[in-house]
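Okay, so the sequence shown: first residue is 1 according to UniProt numbering, each after it adds one.
Glycine included, every Cβ here is placed at the ideal spot set by N, Cα and C.
Notes for the one structure printed next.
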Amino acid sequence: MHVNIRSLLPKFVLLTALAHSANPDVLAVSESWLRKATKNSEISIPNYNIFHQDRTAKGGGVAVYCRDSLQSNVILSRSIPKQFELLILKITLSRNKSLTVAACYRPPSASSCALDTICELIAPHLASEFVLMGDLNWDMLNTPAVLQSKLDALNLTQIIKEPTRYNHKSVNKGNRIDVIVTNWPSKYTSAVFNQDLSDHCLIACIRYGPAVKRPPLITVKRSLKHFCEQAFLIDLAQVSWKDIDLIPSVEDAWSFFKSNFLTILDKHAPFKKCRTKNRYSPWFTPDLVYEIGGVPFEILEPVLERCTPDQLISCFVLKQPSTSTKTSCGGLQ
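Now the structure itself:
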């Protein structure tokens, strides 16, 4: 999933709500407009690892949020002033299979040599499955011949089929400057969505294939398997609880009670680690989001100012997809 956000920090709460709602495995952001002084803690989304390549001057920049259950690491990060920002990640899908994901932003004013440099940087990573998402500021509705020749030479296919940015003066006019490019197009289905983060549409793709094996869920809870209520009550009765009345400090009295009670509870109902394999059943699913539909930003704005990101789970930023075909979330998005 990719969106040109045109400044991440002031729209971070909206982006967090989007991540909770759409639940993508990878969320790429272009025109992040971040500075070196920006801390990761300011732009971190729960359950995601954040990677970003910022521009030294104003504007530009890319960021990638990758689900923390996926093993991911940066293999290339490059920024060339007035040319482009490029960030390439390697995501391990299994012991013998990996996916290379890149995010790129190229400004409209970039020189023609930017294309050559981008191609040189991504070429060594095309031996495995590769996906590039970003805003290249080339209108792919009428793909320039020089760009198409480069894509053909690298065996890359652009899979976004609809306009991604519309002219406000004429709704019938638009361009396709936000792209998803891959060397394995048969594995992907793409879609374009309206959203309230910027004047660019959100683009997304679904990867078909075996689901990525997720790590088991480890929970800690008290075991009542051998719990004997009578023995528990006997041990509680043996404690001199009346001594609490002799303790002058409320804090010390609470500590006395807590220490004695938990000691007995740990004896009869000890903590135990429980391992749950591949059971992820979120109550808020992409199918439910699709049925609910979009929520206008005018309604969301006052709510966003008062709520924490966790409370925004019910606020869906996406509107109905522009395609008539309903897409479900499966595999790697």
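- Counting the other Cβ atoms within 10 Å of the Cβ of D25 gives 16 or more, which makes it buried.
- When the five nearest sequence neighbours on each side are left out, the beta carbons in the same chain lying within less than 6 angstroms of the beta carbon of L70 are those of I91, in order along the chain.
- Per DSSP, H125 lies in no alpha helix (DSSP H) and is assigned neither H nor E.
- Taking 3 residues as the shortest admissible run, the segment 22–47 contains the following complete beta strand (DSSP E) segments, listed from N- to C-terminal end: 26–30.
- Here DSSP, grouped into helix, strand and coil, assigns S98 to strand.
- For N167, no alpha helix (DSSP H) encloses it; the enclosing beta strand (DSSP E) starts and ends at 165–167.
- The beta-bridge partner set that DSSP reports for L202 consists of F193.
- If you draw a straight line from the Cα of P216 to the Cα of S41, it is about 26 angstroms long.
- Between I45 and D243, the alpha-carbon positions lie close to 49 angstroms from each other.
- With contacts defined as CB atoms closer than 8 angstroms, H125 and I88 qualify as a contacting pair.
- For S255, the enclosing alpha helix (DSSP H) stretches over residues 250–268.
- Taken atom to atom, the span from the alpha-carbon of C113 to that of T219 is near 53 angstroms.
- A distance below 8 angstroms between beta-carbons, with the five flanking residues on each side excluded, links K221 to the following residues of its chain, in chain order: F271, K272, C274.
- By the Cβ neighbour-count rule, N183 is buried, with 16 or more other Cβ atoms within 10 Å of its own.
- Here the C-alpha atom of A204 lies approximately 15 angstroms from the C-alpha atom of L15.
- Contact check for A28 and V74: beta-carbon distance about 13 angstroms, past the 8 angstroms limit, so the pair fails to qualify.
- Judged by their CB atoms, C119 and L154 are nearer to each other than the 8 angstroms cut-off.
- When rounded, the separation of the alpha-carbon atoms in Q238 and L18 is 55 angstroms.
- The closest CA to that of N194, considering only A110, R165, K161, L76, is found on R165.
- Residue pairing by DSSP puts A103 in a beta bridge opposite L87, M133.
- N4 is classed as buried because its beta carbon has at least 16 other beta carbons within 10 Å across all chains shown.
- Of E162, K173, I122, G174, the smallest CA-CA separation from L151 is found for I122.
- Collapsing the DSSP output to three states places C274 in a strand.
- With a contact defined as Cβ atoms closer than 8 angstroms, V192 and I160 qualify at about 7 angstroms.
- Relative to K187, the option among R6, W33, P108, Q158 whose CA is nearest is Q158.
- For N142, the secondary structure class from DSSP, reduced to helix, strand or coil, is helix.
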